[in-house]
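So for the sequence shown, the working numbering puts the first residue at 100; every next one is plus one.
In this text, a Cβ means the ideal position worked out from N, Cα and C, and glycines have one as well.
Owing to the predicted nature of the structure, the values given are computational and were not obtained by experimental measurement.
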Amino acid sequence: MLPILIKIGPITIHTYGFLFAIGVLLGILLSTHLAKKEGIDKDDFTNLLFYTLLIALLGAKLLLVLTNLNFYIKHPSELKFLLTSGGTFYGGLIGGVLFAVYYIKKKKMDVRVIGDITGPAIALGHFFGRLGCFSAGCCYGRFAGNNPIAVKFPNLHQHTGVPHNMPIYPTQLMEATLNLLNFIFLFFMYKKRKFKGQIFLMYIFNYSIIRFFVEYFRGDPDRGYIFGSYNHPYTSLSVPQLISIIGVISVIILYPVFKRKGEKEKEIKS
Numbered sequence: 100m101l102p103i104l105i106k107i108g109p110i111t112i113h114t115y116g117f118l119f120a121i122g123v124l125l126g127i128l129l130s131t132h133l134a135k136k137e138g139i140d141k142d143d144f145t146n147l148l149f150y151t152l153l154i155a156l157l158g159a160k161l162l163l164v165l166t167n168l169n170f171y172i173k174h175p176s177e178l179k180f181l182l183t184s185g186g187t188f189y190g191g192l193i194g195g196v197l198f199a200v201y202y203i204k205k206k207k208m209d210v211r212v213i214g215d216i217t218g219p220a221i222a223l224g225h226f227f228g229r230l231g232c233f234s235a236g237c238c239y240g241r242f243a244g245n246n247p248i249a250v251k252f253p254n255l256h257q258h259t260g261v262p263h264n265m266p267i268y269p270t271q272l273m274e275a276t277l278n279l280l281n282f283i284f285l286f287f288m289y290k291k292r293k294f295k296g297q298i299f300l301m302y303i304f305n306y307s308i309i310r311f312f313v314e315y316f317r318g319d320p321d322r323g324y325i326f327g328s329y330n331h332p333y334t335s336l337s338v339p340q341l342i343s344i345i346g347v348i349s350v351i352i353l354y355p356v357f358k359r360k361g362e363k364e365k366e367i368k369s
């Protein structure tokens, strides 16, 4: 665990913030590059990115509060730490997507094309974000016993609640690796996509599967549960798992719709 990357006098650069910024920057550069290739207006796309990132950040914090509402009602003073916390990824994704769809429709842009552009960028940014989680000790795993992939976090600080000097699953690195593989898959698939929207749907499908199964190894108990509890992971359903199921079902419904629409567009052009 390396929560602080650089500290020079009063200047402190936290590793999580640094890696998060790197992920956002690379995601912006990649999506901007792809947007240029698609012939999308630069100003419209830049505004879309800026406002979507802002709404996504608010959405991430909002879902964090909603899934831990009882805790914040009992400890309202903890709300001030939302300014420095990352929030929940799914909250950011849902908030960002909803706003992006609104903005794209308003500007009469093609939502399927925008989705294809941003899907690989989100996966790449998420890879760096999870590396940041590992450095900070958040989003940690359950007790792993003698499992060879287990890691131990030293007692460097107390802010994230991660168990110290106890073997736990490296869920941050597990998800980071899977997000990187998802990015590589989507990036090369983008060049061979058969219809608009295919890449974004595959991003949603892949990440939903990734998150659903990583949830079984998560050890931080603040994600909220639809039924069951933290103590019974295999007979419980967490909020992220429910969202993952909704994501998979949405892709199953939308994939043939987008495919048929793409086929019709090709017929019109020919």
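State yes or no: is the C-beta of residue i within less than 8 Å of the C-beta of residue j?
{"i": "L125", "j": "G224", "result": "yes"}
{"i": "A243", "j": "N281", "result": "no"}
{"i": "A155", "j": "G195", "result": "yes"}
{"i": "I103", "j": "T114", "result": "yes"}
{"i": "S335", "j": "R310", "result": "no"}
{"i": "Q271", "j": "F233", "result": "yes"}
{"i": "V261", "j": "G236", "result": "yes"}
{"i": "L341", "j": "I351", "result": "no"}
{"i": "I203", "j": "L147", "result": "yes"}
{"i": "R322", "j": "V347", "result": "no"}
{"i": "I112", "j": "I121", "result": "no"}
So which of the options has the shortest CA-CA distance to residue i?
{"i": "K360", "options": "V212, A134, I303 and L168", "result": "V212"}
{"i": "F284", "options": "P219, T187 and V350", "result": "P219"}
{"i": "E366", "options": "M208, F294 and V261", "result": "F294"}
{"i": "E274", "options": "S234, R229, G194 and V250", "result": "R229"}
{"i": "P247", "options": "N254, A235, Y268 and F299", "result": "Y268"}
{"i": "G190", "options": "A159, Q297, G240 and D140", "result": "A159"}
{"i": "D319", "options": "Y289, N167 and S176", "result": "N167"}
{"i": "F144", "options": "I352, T217, I303 and F304", "result": "T217"}
{"i": "N245", "options": "N254, P266, F252 and K251", "result": "P266"}
{"i": "Y354", "options": "Q297, A249, I345 and N278", "result": "Q297"}
Buried or exposed, going by whether 16 or more other CB atoms sit within 10 Å of the CB of residue i?
{"i": "S130", "result": "buried"}
{"i": "E362", "result": "exposed"}
{"i": "D215", "result": "buried"}
{"i": "Y333", "result": "exposed"}
{"i": "I356", "result": "Sequence inspection shows Val at residue 356; the Ile mentioned does not correspond to that position. By the 10 Å Cβ count, V356 comes out exposed."}
{"i": "S328", "result": "exposed"}
{"i": "E314", "result": "buried"}
{"i": "F226", "result": "buried"}
{"i": "P109", "result": "exposed"}
{"i": "F198", "result": "buried"}
Can you look up residue i in the DSSP assignment and give me helix, strand or coil?
{"i": "K290", "result": "coil"}
{"i": "Y150", "result": "helix"}
{"i": "V212", "result": "helix"}
{"i": "T111", "result": "strand"}
{"i": "R359", "result": "helix"}
{"i": "V313", "result": "helix"}
{"i": "S176", "result": "helix"}
{"i": "L341", "result": "helix"}
{"i": "I267", "result": "strand"}
{"i": "K251", "result": "coil"}
{"i": "Y189", "result": "helix"}
{"i": "I139", "result": "coil"}
{"i": "G244", "result": "coil"}
{"i": "K295", "result": "coil"}
{"i": "K207", "result": "coil"}
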